[in-house]
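*Asks:* Residue numbers (my numbering), protein chains in the order written: chain A, 25 to 424; chain B, 194 to 852.
The C-beta atom is built at its ideal place from N, Cα and C for all residues, glycine as well.
No experiment lies behind these values; they were computed from the predicted model shown.
Have a look at this one before I ask anything.
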Amino acid sequence: MTMEFAYYPGCASCATGLAYDMSTRYIARTIGLKLRVIPDWNCCGASAAHLVNRDLSLALPARSLALSEKRLPGLDVVASCAACFGRLKTTRHFARESNENRAHLESLIDREYRAEANVFSLLQIIAENDDIKEAIQARMTKVLSGLKIACYYGCMLVRPTEVVEFDDEENPQSMDDILRLVGAEPVDWAFKSYCCGASLQVTEPSAGKTMVEKILHNAQINGAEAIATACPLCQLNVDMRQKEVNWLTGSSYDLPVYYFTELIALCLGATPKEIGLDKHYNPAVTCASSKLKDPRVAAAEAAAEAEAAAAAAKPKPRPKPKTEDTTSAAAAEPQPEVVTTTEPVAATPVAAEPQPEVDVAAEPVAVTPVAAEPQPEVVTTTEPVAAEPQPANDDKVVAP
Amino acid sequence: MSRIGVFICHCGTNIAGTVNVSEVAEAAKSLPHVVHVEENKYACSDPGQNAIKQAIEEHNLDRIVIGSCSPRMHEETFRKMLSETSVNPYMLEIANIREQCSWVHKEKEVGTEKSIDLVRMSAAKVDRNVPLYSGEIPITKRALVIGGGIAGIQAALDIADAGFPVTLVEKEPSIGGKMVMLDKTFPTMDCSACICAPKMNEAGAHPNIEIMNLSEVEDATGYIGNFSVTIRQKAKYIDYDKCNGCGLCEQKCPSKVVSEFERGLAQRRAVYKPFPQAVPSKPIIDAANCRKINEDRCGVCHKLCGADAINYEDKDELITQEYGAVIIATGYELIDWTKLYGEYGAGAYPDVIDGLTFERLINASGPTEGKIVRPSDGKEPKSCVMIKCVGSRDPHKGKAYCSRACCMYGAKHAHQFLEKIEDGECYVFYMDVRAAGKGYDEFYMNTLEDGAVYVRGRISHIYPEGSQYVCVGEDTLSKKLVTVSADMVVLDTAMVAQESADTIGRLFGVTRNLDGWLTEAHPKLRPVETNTAGVYLAGAAQGPKDIPDSVAQASAAAAKVIGMFCKDSLESNPMICTVNEINCRGCGDCVDVCPYGAISTQSVDRRENSVWVTRTLAFINAGLCQGCGACTASCKASALDLLGFTNEQILQEVDALCL
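Put into structure tokens, the structure is as follows:
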């Protein structure tokens, strides 16, 4: 299976979704996945264009796709942002419906467009490409041991089924499977493909915040410690608006909102700064970092836990009745269950384990150019050091 | 030499208004072989018919042309009239100068000229007519009813009471269908088993009814009055001649399986009766789950059986019998909503159930003895949401049609829930409420008075929160979003056709529509007949319906069968195809073309040129042939001809018009 794609970064990758782009490129570099940026790509139009004018909403993506066909022939296109993916795929779908449609697009963009190259979302290529999954597993230096994560797909990645041709619209599993690979524990929850409000957060904030609150609430009551997303707007909305939701509703949600690529990158050895983890609104560094473990250590711990659970489930041996023979009485004492482990490391507290460098200092974040294209400076909120580390979410009182 | 009589009807002013009848009559006089022409005010009336009969006598006519209304109106009338004369009923041609002439044109010149042409054509054709005689089709006076639900049972009882033997084939171990699973039936709230079981018992005990349980129709050939049907009696592993139904085997069987009858709420054994009131009241062994049959272990039932009725070596049996008529009453299934509605949990939530499962819950003889409890934890639910039209009226994901019974059983469930649960809350989410039946709307109104809250809108999402289920919907009348946290959700799911209807339909040549329902001959005027003569439909097999309509259709189908059986034989249609053996070369193209399967090729010996030769020839089944003429057109050797519309007759008509 191919490890080379034409890459459509999308506008968010250069701005509010910088961390998504950084972590994606880190993964690509590390596992040898070649993402070739489409030269002179333009904005896909997102949700704004198709509300205004249908031709515009199709022409904008069509131009980028046509450029990709010409300059990166033979390569399928991958887009990390869910909206970009949706628009690009819809345009290709439209073009393939009939020759008239395709000709119409060609006349709009004044370029040839054969609509042959396929369009995938980033989540899709990782989920469906065994070579990529194997490469990730081969280069994993850490696992996210037991991080309870709610995989939030958003509304655009898995709908409409006839267009996106990917996963299930009501209970998708692809992100869950990928994060399980890196050691996390995806929780079962009911708002996986629920809308985050998208641009409503700007135009109709009160309605938008209600939608974010619902997502946070359901993730929390289903035991999630954090949320993973695959869309820059989902990430932004659920992350940036969390504090405002708390102010408005008196709740105290404190769920870090990750890009699934950030989590994978961490397991591949990235530092939080390398992948923009320190750019989040809701502090996200500690939660994931604290779960990172050496894979062998994590495996040993898991084995020990399993053994303990099995031993606890075994019925205790019945105490032998006391006899006059004192020598045998001692031997007849019921033996306490002894849990033995071969790894001495298991007995030590978590804090003593080797941790990857976690930079929690509130230095001004320097943007390290990780890709060939120049990145704009991203202003991030400074997080007060004193607030970290955060206690586990389960202790918090959840307001309805 | 033909002696043709021509009779032009005025039909009051229907024809005479736009056609100069006298002119037409005058023109007819000069047609070849026409020896008598007459006008008539109303040819179909008594005096009109008598005038024709008299003319036939007086002028020694041997064939007649009637210029009148469409043959679809009165061809039968005039054929009957001719059967009382010396003229063969098929020596008749009708020139349609009404529906296809006087009713179409406005100017008299046009109408008259066209009528003259039509009469000339008919006269030319009738000149070539030959007398035709209908044959007799014998009738085997035994009926086959496929499907032992309430429709099948009712049809079987009606036919058996009329004195004719009936075989009732049912694929499940017991008859009773879906009706016997229900608790109470709307609008009277009769206990369903209390009204169904007596009929089941009557059918089981009736001397004229033979019940074949655990059986399916495997093959069928033949035609009306003469069907030959092969039924596979599946191995029951119990000898019903010896078994006395004591039930000891079932008590001791160690193999427990999920009960299909209890919709997954309870278990049954491998040797089992699906429910206590089963007819036949004897168990069967489910071979897939029997330890003795699969692993040669156990054998407890055999050891305990006092009647020595257990036979592990039993095999399927194929039984072929002759039947004169078949009634298909295969009923319905509920749509598998778990594959369509992921937003309702796709079956992962145990307390989100369908209507039939709810029926088993509230049934006093069900797994909870009639207590409404949540399947997940056995606790009594205080609040319930009922969602209608799940899979129905949904062309996008489900079926486009309305399943007809759900509005009423939804109201019934709401009523029962509120009756049984103290301080219970019941919300019914609907699009419309269809309560069109005797006492139906009153029943629905009563349910509203009971306190059921009807919300007009659909539920878009059900998800668990704590021990409850949050149902997100909308009240379209007040345009507000509505969220209900309910302990239990009942989905009123769509009725779909049984899968077996596909096979059965093919066997008997009955088509199905796009949704799988068997097609009736005419939706309004012939609802229980099919396009295959002798095969009838009854009940939900023809389309979603409730019990009263199923029973009505069953009796209607039975009446058709009894009407047929009361005759000694059936008259076959003489206007069928014939084969010219000289021209036929046995290519078999006609066999493929015939939509009624009426043609077959056979190898026969013929003496030709003083030598016996073996030839393949086409043979027409007079009982199946409908005289459509498709084979005649397809025959490359011109060996096939349609009696009553022979090639020669039609060419004469064309010549009369065009030359």
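Is A539 of chain B close to chain A? Criterion is C-beta to C-beta, closer than 8 Å.
*Replies:* yes
*Asks:* By the DSSP assignment, the alpha helix (DSSP H) with K882 of chain B in it spans what residues?
*Replies:* One cannot answer for residue 882 of chain B here, as it falls past the ends of chain B, which runs 194 to 852.
*Asks:* Taking buried to mean at least 16 other C-beta atoms within 10 Å of its own C-beta, is H589 of chain B buried or exposed?
*Replies:* Taking every protein chain shown into account, the CB of H589 of chain B has fewer than 16 other CB atoms within 10 angstroms, so this residue is exposed.
*Asks:* Hey, does I245 of chain A have any beta-carbon neighbour from chain B nearer than 8 Å?
*Replies:* True, the Cβ-Cβ gap to chain B drops below 8 Å.
*Asks:* Cβ closer than 7 Å: which chain A residues qualify as neighbours of G535 of chain B?
*Replies:* D192, E193, E194 and N195
*Asks:* What residues match up with S408 of chain B in a beta bridge as DSSP calls it?
*Replies:* Answer is B:Q426.
*Asks:* With 16 other CB atoms within 10 Å as the buried threshold, where does A747 of chain B fall?
*Replies:* buried
*Asks:* Would you mind sorting D685 of chain B into buried or exposed? The rule is 16 or more other CB atoms within 10 Å of its CB.
*Replies:* It is buried - the Cβ of D685 of chain B has at least 16 other Cβ atoms within 10 Å.
*Asks:* Pull the bridge partners of I512 of chain B from the DSSP assignment, please.
*Replies:* Per the DSSP secondary-structure output, I512 of chain B pairs in a beta bridge with B:I424.
*Asks:* Could you check what DSSP says for L700 of chain B in three-state terms: helix, strand or coil?
*Replies:* helix
*Asks:* Could you give the uninterrupted runs of the alpha helix (DSSP H) lying entirely in the stretch 191–227 of chain A, keeping only those of 4 residues or more?
*Replies:* 198–205 and 224–227
*Asks:* At a Cβ cut of 9 Å, what residues of the stretch 642–673 of chain B count as close to chain A, listed as they run along the chain?
*Replies:* H654, I655, Y656, P657, E658, G659 and V663
*Asks:* List, from N- to C-terminal side, the beta strand (DSSP E) runs of 3 residues or more that fit wholly inside the stretch 337–410 of chain B.
*Replies:* You should have 359–362 and 402–405.
*Asks:* With a threshold of 8 Å between beta-carbons, can A214 of chain A be considered close to chain B, or not?
*Replies:* yes
*Asks:* What I want to know is whether the C-beta of P720 of chain B ends up closer than 7 Å to one or more non-hydrogen atoms of the ligand ADP.
*Replies:* Of ligands this structure carries none, so the ligand ADP is not represented either.
*Asks:* Are there three or more Cβ pairs, one per stretch, closer than 8 Å when the stretch 644–652 of chain B is compared with the stretch 613–625 of chain B?
*Replies:* yes
*Asks:* On the DSSP bridge assignment, give the partners of M688 of chain B in chain order.
*Replies:* B:L527
*Asks:* Would you mind listing the beta strand (DSSP E) stretches within the stretch 278–341 of chain B that are 3+ residues and don't spill past its ends, in chain order?
*Replies:* 285–289, 329–331 and 336–339
*Asks:* Mapping the DSSP letters down to three states, classify Q247 of chain B as helix, strand or coil.
*Replies:* helix
*Asks:* Given 8 Å as the limit, is there contact between the stretch 787–799 of chain B and the stretch 727–739 of chain B, that is, 3 or more CB pairs closer than that?
*Replies:* no
*Asks:* Looking only at its chain, what residues have a beta carbon closer than 6 Å to the beta carbon of A598 of chain B, apart from the 5 residues adjacent to it on each side?
*Replies:* D739
*Asks:* Whole angstroms is fine: what's the gap from Q165 of chain B's alpha carbon to F420 of chain B's?
*Replies:* Absent from the model: residue 165 of chain B. The displayed extent of chain B is 194 to 852, so no value can be given.
*Asks:* Starting from K581 of chain B, follow the beta strand (DSSP E) in both directions and report where the run begins and ends.
*Replies:* S576 to V583
*Asks:* Among the residues of its own chain, which have a CB less than 8 Å from the CB of N504 of chain B, if the five just before and after it don't count?
*Replies:* In its chain, beyond the 5 residues on either side, Y430, I431 and D432 have a beta carbon closer than 8 Å to the beta carbon of N504 of chain B.
*Asks:* Please name the residue, chosen from A:N306, A:I288 and A:N77, that lies closest to I150 of chain A on a Cα-to-Cα basis.
*Replies:* Of A:N306, A:I288 and A:N77, the residue nearest in Cα terms is A:I288.
*Asks:* Can you say whether Y50 of chain A is buried or exposed, counting buried as having 16 or more other CB atoms within 10 angstroms of its CB?
*Replies:* buried
*Asks:* Straight-line CA distance for K485 of chain B to S448 of chain B?
*Replies:* Distance between K485 of chain B and S448 of chain B, taken at the CA atoms: about 10 Å.
*Asks:* To the nearest angstrom, report how far apart T381 of chain B and H606 of chain B are at their CA atoms.
*Replies:* 13 Å
*Asks:* Check whether the stretch 700–719 of chain B and the stretch 558–572 of chain B touch, using three or more Cβ-Cβ pairs below 8 Å as the test.
*Replies:* Segments in contact, no.
*Asks:* Does the separation of the CB atoms of L546 of chain B and V450 of chain B fall below 8 Å?
*Replies:* A small fix is needed here, since residue 546 of chain B is Ile in this sequence, not Leu. Not closer than 8 Å, so no.
*Asks:* Buried or exposed for W805 of chain B, please, with buried defined as at least 16 other CB atoms from any protein chain shown within 10 angstroms of its CB.
*Replies:* exposed
*Asks:* Check whether the stretch 709–729 of chain B and the stretch 686–693 of chain B are in contact - that is, three or more C-beta pairs closer than 8 Å.
*Replies:* Between the stretch 709–729 of chain B and the stretch 686–693 of chain B, the count of C-beta pairs closer than 8 Å reaches three or more; the two stretches touch.
*Asks:* Return the residue from the list B:G304, B:D782 and B:C483 that minimises the CA-CA distance to T825 of chain B.
*Replies:* B:D782
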